[in-house]
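**Q** Have a look at this one before I ask anything.
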Amino acid sequence: MTTKTILVLAPNVGVACSIDGLTSIELAQYAMGYYESMFETCPVSYPEGKQAFLIDVLCNGYTECHQVSAWAGVPEVIEFDFDKYVATPKAKLDHATFGDVPALKLIMGKFANIL
504 MTTKTILVLA
514 PNVGVACSID
524 GLTSIELAQY
534 AMGYYESMFE
544 TCPVSYPEGK
554 QAFLIDVLCN
564 GYTECHQVSA
574 WAGVPEVIEF
584 DFDKYVATPK
594 AKLDHATFGD
604 VPALKLIMGK
614 FANIL
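Be aware that the sequence shown starts at 504, since it is given in the working numbering, and climbs by one per residue.
Right under this line is the structure:
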């Protein structure tokens, strides 16, 4: 995989992506949005934290991503600020672009585990 972007989620913890920065951000926002859209009747909960959620879903659900601890020489390094990059609203979820079956199964499993 050729790394184009790193989403930095914590100190020395990043997700390397083979897609451009904007698309990487949108992918992370989609994953959070899809997960949060399932919480229609209860408050949204990330039992392991948003960082752990994104690392797991992006790295284990999408072939475009893997976890890294260093990113020297990568063209785009984005500090992923959860206050700035919020979950995609349910009405705007782009399933055609980001709805990979392995990722969706992983997200649904995470939701089911907290019920």
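Just so you know, even glycine gets a beta-carbon here, dropped at the ideal spot from N, CA and C.
For clarity, every value in this text was computed on a predicted model and none was experimentally measured.
1. In the region 528-616, which residue ranges form an unbroken alpha helix (DSSP H) of at least 4 residues, counting only runs that do not cross its ends?
2. Does DSSP put L510 in a helix, in a strand, or in coil?
3. Opposite G517 in the DSSP bridges: which residues?
4. DSSP three-state call for T526: helix, strand or coil?
5. CB-CB under 7 angstroms to E539, same chain, minus the five flanking residues each way: which ones, in chain order?
**A** In terms of the structure at hand:
1. 553-564, 598-601 and 604-616
2. strand
3. V511 and V571
4. helix
5. V547 and A590
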